[in-house]
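First comes the structure, then the notes that go with it.
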Amino acid sequence: MTEKLSDTGRKTLLDPLLEAGWTHDATRDAITKVYQFEDFTAAFGWMTRAALWAEKWNHHPEWSNVYKTVTVTLTTHDVDGLSTLDVKLARKLDSL
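When we follow my numbering, the leftmost residue of the sequence shown carries the number 1459, and every step to the right adds one.
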């Protein structure tokens, strides 16, 4: 079962993501990042690769795409906040 990140986990796991451009929304206990691509095709291709990982891990992002910009928000609805699943997916998205 997935659990909400502890205070220690937040410091250890979230700080590197914040340094990599993610922002924390304390109101929702979610993290968000905006990705910019060369064009719509590159953005959509990235979203397709990301969708395969999200489906494999059964953890799906909230996201939107406008031309070459993709905005991603991650939170775990089952725990009403951030979990290790969000950290894992954020790292994967950054590596794609």
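Backbone N, C-alpha and C fix where the C-beta goes; we use that ideal spot for every residue, glycine too.
All of these numbers come straight from a predicted model, not from anything done at the bench.
DSSP state of residue 1471 mapped onto helix, strand, coil: Here residue 1471 is taken as the residue at index 13 of the sequence shown, counted from 1. In this structure, residue 1471 counts as helix in the three-state DSSP scheme.
Cβ pair count under 8 Å reaching 3, the segment 1475–1491 against the segment 1532–1550: yes
Same chain only: Cβ atoms within 7 Å of residue 1496, ignoring 5 sequence neighbours per side: Working through the sequence shown from its first residue, we reach residue 1496 at position 38. The residues are 1526.
At least three beta-carbon pairs within less than 8 Å, the segment 1506–1514 to the segment 1465–1479: no
Distance CB(residue 1554)-CB(residue 1487) smaller than 8 Å: Counting from one through the sequence shown, the residue named residue 1554 turns up at place 96. Counting from one through the sequence shown, the residue named residue 1487 turns up at place 29. Their beta carbons are not under 8 Å apart, which means residue 1554 does not touch residue 1487 by this criterion.
Proximity below 8 Å, CB of residue 1519 to CB of residue 1537: For the purposes of this step, residue 1519 is taken as the residue at position 61 of the sequence shown. For the purposes of this step, residue 1537 is taken as the residue at position 79 of the sequence shown. Against a cut-off of 8 Å, the Cβ pair of residue 1537 and residue 1519 comes out as no contact.
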